[in-house]
């Protein structure tokens with residue numbers, strides 16, 4: 001009868017504009033899918049050129065090379081007797097579309113343009129593409145000559161259509177269309193489409209995976225059907241980490257799940273499913289059937305091919321599974337670690353250097369590098385030849401086999417404690433002990449000579465010597481002296497990153513890691529061009545609260561006991577003089593707010609879209625048990641003053657792993673002025689009026 005269909009989805013670690021690598025990963029996924037009996041294979045969004053091409057989409061070269069790769073795929077023996085669904089940009093009648101190109105046996109069946117474009121947060125698809133607005137309509141697309149020569153087709157259907165094979169009907173969605181309130185799968189399902197496909201370019205955000213999984217399962221829970229989701233995986237050239245989670249769902253239940261984080265460049269998920277399960281599920285939903293009888297039909301592209309075999313009674317089908325979600329602490333341990341590995345191997349550097357202060361932020365960054373080393377050793381043990389080859393190239397040893405994380409850490413990770421006269425022995429000891437436990441190559445140095453030299457130049461030129469507030473100086477002098485220390489640490493970090501391996505007789509240079517968290521960036525509690533200025537920052541999108549929880553996770557899972565004393569110590573910059581040998585300066589006192597409060601401000605400002613007045617109105621209810629309205633007003637005003645005064649620092653913020661939806665990243669995600677009227681006079685008067693009324 002032909003009822004068991006075997007389909008494949010995948011998560012590919014594509015890289016923007018890496019046409020050679022992208023082609024090989026696509027072909028590898030098709031080979032794996034065929035070897036597992038699949039008759040249909042779908043890949044991630046824009047997988048041929050890589051999703052993150054940004055303004056390179058404007059270039060005709062990107063279109064040309066995408067078609068050249070498509071020609072290679074059409075010609076390849078690997079694509080015989082399997083329907084292949086690949087993503088690429090296509091120019092149709094001088095309009096650029098984000099498309100799926102679906103082909104079988106050297107013939108293009110359909111080019112399906114994206115209908116709903118992602119254009120919020122990190123996404124800017126409307127900048128480069130136009131949505132297809134002609135619902136249930138197709139046009140003729142005239143193929144370029146390089147494709148005509150392979151397919152012997154002059155034109156192919158282009159538009160909003162579905163595929164009708166000999167045994168079922170398939171309809172495509174592209175990423176954002178699943179999230180849209182009027183998702184195409186609703187109408188397609190009513191029109192008899194049994195298999196829905198979705199190619200995504202969906203990036204990781206803490207606590208987001210369950211939302212995607214719920215959307216996929218709910219897509220078929222009410223309407224029945226099979227839903228196949230593919231997604232990109234890895235760092236394709238910027239701040240985002242695409243987190244895989246390729247999956248297949250049947251009638252509202254997950255039947256196959258791919259990993260969210262891994263170092264595998266190619267991961268293929270295959271499932272065999274019974275079409276009769278879809279038909280019987282739909283048959284008893286009377287409301288669905290009444291709506292289906294009135295639906296406006298989709299154009300159908302007939303395909304003389306079946307996803308099932310005629311004799312498949314003995315073919316076992318997949319059963320529902322329970323999706324396992326990572327905890328936020330696991331996500332922090334795995335996501336940024338995989339992102340760092342991609343960045344390290346693709347930048348062709350020899351490792352990382354981290355200024356390790358002995359505080360929570362830099363220690364969390366060190367733990368993420370240690371987690372990366374864990375992932376590398378695990379991948380090598382599991383037989384990943386690509387990871388092994390990358391590791392050997394990074395450490396410049398063709399016989400090296402990474403077996404133990406601490407030993408790998410010693411080769412690729414340098415930590416540096418930069419003491420000053422204001423540093424305590426406690427932080428020095430904490431940094432040293434953590435470095436010993438993770439295995440990093442650790443350096444201790446003192447910056448006082450450099451600080452005195454810089455301040456000495458100023459004194460020689462001006463005849464004035466600035467003093468700390470503790471020594472009778474003004475707030476201006478105090479801040480300037482703190483900034484000198486912080487900026488000298490940045491200069492030294494880059495010097496040691498460039499030359500440390502040279503002193504050890506090892507080729508290559510090191511990437512400098514930053515360790516400012518998302519809350520400090522939002523408040524501007526950092527020195528511009530200090531140690532927060534680095535090549536990349538794996539924790540720049542993570543809150544202080546989540547970092548503390550992550551540190552506890554590392555104590556329990558990596559047995560890093562040095563972290564216990566780091567957890568219990570109050571966060572401090574250690575830039576002001578010690579009092580009786582003890583730290584007198586703490587972050588929260590300096591900031592005039594707690595880290596917990598900062599997280600609340602950040603979420604209200606960005607996610608809830610609250611300005612000063614709206615934030616005040618929300619917080620008088622949220623904090624009514626602990627603050628009077630006047631106290632809330634004071635806190636809100638202080639936050640917005642500090643945020644606006646320091647917003648200019650976001651323009652030079654180190655590229656950071658995107659993990660939170662309230663990130664203040666000025667590059668793409670959080671577009672704001674950086675020169676504000678910091679008095680907020682009108683807004684604050686509105687707050688004062690309400691305070692007086694209350």
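In full-length UniProt numbering, the protein residues as written are 1 to 694.
Idealized CB from N, CA, C, for every residue including glycine.
Bear in mind that the values here come from a model prediction, so they are computed numbers and not experimental data.
Roughly how many whole angstroms lie between the Cα atoms of residue i and residue j?
i	j	result
residue 73	residue 64	14 Å
residue 457	residue 343	39 Å
residue 38	residue 4	11 Å
residue 247	residue 192	22 Å
residue 85	residue 665	34 Å
residue 408	residue 512	18 Å
residue 414	residue 353	5 Å
residue 454	residue 608	45 Å
residue 639	residue 235	33 Å
residue 295	residue 136	12 Å
residue 668	residue 122	6 Å
residue 116	residue 93	19 Å
residue 516	residue 532	6 Å
residue 539	residue 108	44 Å
residue 672	residue 168	49 Å
residue 237	residue 16	6 Å
residue 441	residue 347	21 Å
residue 258	residue 10	8 Å
residue 139	residue 148	17 Å
residue 174	residue 114	6 Å
residue 210	residue 324	9 Å
residue 462	residue 655	37 Å
residue 243	residue 22	17 Å
residue 161	residue 224	20 Å
residue 128	residue 54	8 Å
Please report the Cβ distance between residue i and residue j, rounded to the nearest whole angstrom; I am assuming they are in contact, meaning their Cβ atoms lie under 8 Å.
i	j	result
residue 523	residue 418	About 23 Å; that fails the 8 Å criterion.
residue 431	residue 488	Wrong, their Cβ atoms sit about 18 Å apart, outside the cutoff.
residue 151	residue 143	7 Å
residue 439	residue 394	Going by Cβ atoms, the distance from residue 439 to residue 394 rounds to 16 Å, so no, they are not a contact pair.
residue 226	residue 194	6 Å
Could you check if residue i is buried or exposed, using at least 16 other CB atoms within 10 Å of its CB as the buried criterion?
i	result
residue 675	exposed
residue 58	exposed
residue 649	buried
residue 421	exposed
residue 474	exposed
residue 265	buried
residue 502	exposed
residue 589	exposed
residue 95	exposed
residue 327	exposed
residue 44	buried
residue 377	buried
residue 14	buried
residue 99	buried
residue 340	buried
residue 460	exposed
residue 260	buried
residue 188	buried
residue 125	buried
Under the DSSP definition of a beta bridge, which residues are partnered with residue i?
i	result
residue 243	233
residue 302	164
residue 418	445
residue 451	DSSP, once it has assigned bridges, lists no residue as partnering residue 451.
residue 270	8
residue 257	247
residue 553	Bridge partners of residue 553: none, in fact.
residue 159	138
residue 172	197
residue 355	416
residue 656	537
residue 324	Answer by DSSP bridge pairing: none, since residue 324 is not bridged.
residue 228	197 and 248
residue 685	Answer is none; residue 685 lacks a bridge partner.
residue 113	99
**Study point:** alpha helix (DSSP H) runs contained entirely in the stretch 362-402, provided each spans 4 or more residues
**Key:** Secondary structure remark: continuous alpha helix (DSSP H) runs of at least 4 residues inside the stretch 362-402, in chain order: 385-395.
Point to revise | 4-residue-minimum alpha helix (DSSP H) runs that sit fully inside the stretch 588-651, ordered along the chain | key: Complete alpha helix (DSSP H) runs here, min 4: 595-602, 612-622 and 629-645.
Practice item. List in chain order: all unbroken alpha helix (DSSP H) runs of 4+ residues lying wholly within the stretch 466-544. Key: You should have 475-503 and 518-523.
Practice item. May I have a chain-ordered list of the alpha helix (DSSP H) segments no shorter than 4 residues that lie completely inside the stretch 59-102? Key: Secondary structure in the stretch 59-102: the alpha helix (DSSP H) runs of 4 residues or longer, each lying completely within the stretch, are 60-75 in chain order.
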